[in-house]
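Asks: Quick one: structure below, then a few questions.
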Amino acid sequence: MPRNGTVLELCAELRPALERNTSRSQGLSVPTQVLTTLGFLATGAFQRELADRSGVCQSTLSRAMPAV
75 MPRNGTVLEL CAELRPALER NTSRSQGLSV PTQVLTTLGF LATGAFQREL
125 ADRSGVCQST LSRAMPAV
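Note that the working numbering has the sequence shown beginning at 75, numbered continuously upward.
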């Protein structure tokens with residue numbers, strides 16, 4: 075399991091590519107995008123399962139994962 079510092083560094087490095095200006099009230103945070111994608115890659119879990127755990131829609135997660 076990675077240390078928190080490693081995940082925070084990864085999020086900081088990816089932030090410019092992942093942050094989006096959105097007219098929606100809440101965009102998907104960079105840490106959520108990174109951690110759910112890492113969870114998918116590490117476990118091979120279904121997107122719906124990861125989305126449920128993260129509290130986001132599966133379709134939102136599906137759109138965010140390729141950017142990570």
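Where is the CB? At the ideal position from N, CA and C, for every residue including glycine.
Check each candidate in C85, T80, Q132 and R127 and name the one with the smallest Cα separation from V108.
Replies: Your numbering for residue 108 matches position 34 in the sequence shown. Out of C85, T80, Q132 and R127, C85 has the C-alpha closest to the C-alpha of V108.
Asks: Select from C131, R122, E83 and Q121 the residue whose C-alpha is nearest the C-alpha of V104.
Replies: For the purposes of this step, residue 104 is identified with residue 30 of the sequence shown, where counting begins at 1. Selected option, being the one with the closest Cα: E83.
Asks: Throw me the rounded Cβ distance for the V142 and T106 pair, which I believe falls under 8 Å.
Replies: By 1-based counting over the sequence shown, the position of residue 142 is 68. By 1-based counting over the sequence shown, the position of residue 106 is 32. With a Cβ gap of about 10 Å, V142 and T106 do not count as contacting.
Asks: Where does E123 fall in DSSP's three states?
Replies: As a first step, residue 123 is located in the sequence shown; it is residue number 49 there, counting from the start. Note: E123 maps to helix in three-state DSSP.
Asks: If the criterion is Cβ atoms closer than 8 Å, does the pair L102 and A138 meet it?
Replies: By one-based count along the sequence shown, residue 102 stands at place 28. By one-based count along the sequence shown, residue 138 stands at place 64. Going by C-beta atoms, L102 is nearer than 8 Å to A138.
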